[in-house]
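Mind the numbering: the sequence shown is residues 4 to 523 in our numbering, read in order. Following: one structure in structure tokens, then a few remarks.
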Amino acid sequence: MKSKFSAALTALLLIVLLTLSFHKNIFSVVPAESFSAFQHDSETLVLGRIIADENNKALPLGAGIGFVGISDFIYIPEYILQSYQLIGRKTLEPLTLRPAPLNDDNWTEGVSRHSARIVVLGSGLDRYVGRKVDVQGDVRTIKAVKYNYQYANLDLTGDLLRVDRTVGSGVTVKISGDPVDPSTMKFVAYPQQYGVQGALFSGMYKVLSQSLVALNFLNSFAFAVVVVALVFLYSKVISLQFAVFFLLSVAFSPWLVAFGRNLYWIPFAWFLPAALAISLFFSRTPRQEILVCIFLFCAFVFRFLAGYEYLTSVILFAAAPFVYLAVVAAQREARVLNLKRVGVIFSIGVVAFIVALLIHATVRGDTVWQGLQSIYEVDVKRRTYGDPSRFDPLTAASLTSSPVGVLMVYVNSWTTNLVKTIPGGWFPFMLLWATAVLVYRWIGRNIQWRADTALFFVFLIVPLSWFVLAKGHSFIHTQLNFVLWYFGFVAALLHVSFNGFKLTLLGLGVWMRKHRMEEI
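Okay, here's the thing in structure tokens:
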């Protein structure tokens with residue numbers, strides 16, 4: 004009873020700390036400026052759905068997620084990120100400003116000579132995107148705010164402003180604080196994913212009093228719960244030491260901490276299938292196994308409806324513990340049982356992917372078949388091994404790159420720490436060290452050789468599957484895909500490396516005792 008209470012208390016403490024780490028970066032694992040802005044562009048896809056729903060609009064093409072702009076949408080930061088200003092029908096304090104006194108070939112008293120644009124001195128004006136602005140009786144809407152040093156350029160709807168352009172005319176700009184008119188919003192679908200998280204968070208947004216902070220917090224909490232569940236499950240199924248290193252590799256990963264609260268990436272959905280899959284180890288009856296399989300299927304479907312990114316790694320990560328158990332099993336019956344479980348998990352993952360694909364296809368074409376063709380031609384080929392001549396130069400370069408070259412980027416080109424106190428530049432040397440440890444143990448027929456080797460290579464396959472199979476995606480998205488190393492492999496690397504240090508210290512101790520005996 005006491006041990007259960009201690010375990011529950013430990014789990015609760017870990018969940019609280021991890022939640023705060025993912026939500027607030029309390030351990031400063033990620034530089035503050037990087038944490039605050041990480042993947043905001045992707046998160047705006049979910050905000051687009053929330054904004055559409057709260058204004059009784061529908062995203063084009065029946066999409067689940069998408070972008071939103073004022074009047075039109077351009078894929079540049081000033082337009083992408085304005086979702087954070089448009090969400091929530093907020094009323095702001097009205098402003099009265101004067102344009103900056105700029106007079107040259109482009110500006111007269113801060114009013115553009117060539118477009119609907121004015122420039123003012125100040126900051127914090129991006130929150131007025133979508134608001135009405137009255138420039139000497141010419142009423143427009145603010146499309147975007149672009150900052151240039153101390154100046155803020157206000158891009159307005161319509162053609163050239165109809166105002167007095169005489170130098171010294173003293174133009175006055177009045178910005179309304181009234182909520183944004185939904186009719187001025189331009190929604191752009193993002194059909195590459197089904198986007199189930201859009202509907203999920205839009206519904207939660209209404210329940211949570213329209214609080215984006217609450218959504219990020221709950222997302223962080225969900226990820227923390229799944230990670231802690233995995234830690235306890237790994238301690239029972241693999242080893243306590245590996246579980247501890249898994250916890251450390253997640254808690255102090257600059258990548259997972261940065262991803263942790265993101266509403267588009269929802270990293271809890273990456274790890275949830277793994278936590279459910281391990282539950283098969285504890286199933287004692289066929290009914291329990293069927294129940295676990297149903298939940299596992301739902302978790303996979305949810306993940307793939309949210310996004311296909313890392314799908315091979317998600318499935319292999321879920322199956323990895325049972326591959327490990329099959330390799331280290333001493334009895335044939337245990338080996339066969341665990342291999343069967345691997346087959347079950349893999350099969351459920353594949354079927355779930357097919358189901359998600361068919362659901363997604365319904366919104367990608369007039370028929371399911373047309374939708375499947377669109378997904379294959381536009382998305383699958385673009386991310387894997389399609390014809391380079393059919394795509395833009397960057398995508399073409401990704402498709403002509405070699406898998407080995409792509410993999411080397413993820414081995415040698417770290418721009419972050421591996422974990423909080425270990426530089427990413429150490430990663431290739433740690434790989435060499437861990438490999439040397441495994442070889443040494445194999446030569447010495449060490450009892451731990453099979454277990455450590457299995458753990459190392461089983462979890463190594465998890466990130467390699469995406470790096471190689473989705474080579475095109477991995478070539479382009481180096482700002483994202485380093486996170487795949489944390490799907491168990493960094494923990495395995497730390498585990499094997501630590502065992503190597505223990506072995507070295509033990510050998511050094513034996514040598515020193517022997518040397519002293521010889522001196523005596």
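Ideal placement from N, C-alpha and C gives every residue a C-beta, glycine not left out.
Rounded C-beta distance between residue i and residue j? I'm assuming under 8 Å.
i    : j    : result
A192 : L64  : 4 Å
S377 : R393 : The Cβ separation is near 14 Å, so there is no contact.
F307 : F262 : Actually they do not touch by this definition, with Cβ atoms about 18 Å apart.
G491 : F462 : 4 Å
D141 : L164 : 5 Å
P270 : F226 : 5 Å
V231 : A14  : 5 Å
Where does residue i fall in DSSP's three states?
i    : result
Y154 : strand
I77  : coil
I269 : coil
A147 : strand
F38  : helix
A119 : coil
G69  : strand
L159 : strand
W258 : helix
A415 : Before going on, a small fix: residue 415 reads as Asn here, not Ala. Residue state, collapsed to three classes: helix.
D137 : strand
T288 : coil
I425 : strand
V353 : helix
K60  : coil
A246 : helix
I83  : helix
N420 : strand
I479 : helix
K93  : coil
T387 : coil
I178 : strand
A322 : helix
L124 : strand
F190 : strand
T365 : coil
V142 : strand
Are residue i and residue j closer than 8 Å when you measure CB to CB?
i    : j    : result
V317 : W273 : yes
R385 : T370 : no
V71  : A55  : yes
L159 : A103 : no
V166 : L157 : no
I18  : V228 : yes
V132 : I121 : no
F235 : A277 : no
T94  : P182 : yes
F190 : G51  : yes
I348 : A246 : no
V2   : A457 : Absent from the model: residue 2. The displayed extent of the chain is 4 to 523, so no value can be given.
Y489 : S252 : yes
A254 : S24  : yes
I241 : Y150 : no
G3   : V199 : This structure cannot speak to residue 3, because the chain is shown only from 4 to 523.
S205 : I53  : yes
L218 : M207 : yes
F430 : V414 : yes
K146 : I73  : yes
Q85  : L124 : no
Q88  : D129 : yes
For residue i, I'd like the list of residues in its chain whose CB is within less than 6 Å of its CB, leaving aside the five on either flank, ordered along the chain.
i    : result
G91  : Q213
N420 : P257, P426, G427
Q42  : N265
E46  : N265, L266, Y267
L497 : F248
E380 : none
L62  : A55, G69, F190, A192
G211 : In the sequence on display, residue 211 carries Leu and not Gly. Cβ within range, chain order: A217.
Within its chain, find whatever has a CB closer than 8 Å to the CB of residue i; leave out the 5 residues flanking it on each side and keep chain order.
i    : result
G374 : H363, A364, T365, V366, R367, G368
N109 : S115, R116, H117
R453 : V330, V331
Tell me which same chain residues have a C-beta within less than 7 Å of the C-beta of residue i, skipping the five on either side of it?
i    : result
P34  : none
L1   : Here the chain covers residues 4 to 523 and nothing more, so residue 1 does not appear.
P406 : V471, K474
N2   : Since the first residue of the chain shown is 4 and the last is 523, residue 2 is not available in this structure.
P391 : A399, L402, T403
Q244 : H498
Check: Fully enclosed by the segment 427–486, which alpha helix (DSSP H) runs are 4 residues long or longer?
Finding: 430–446, 452–472, 474–479
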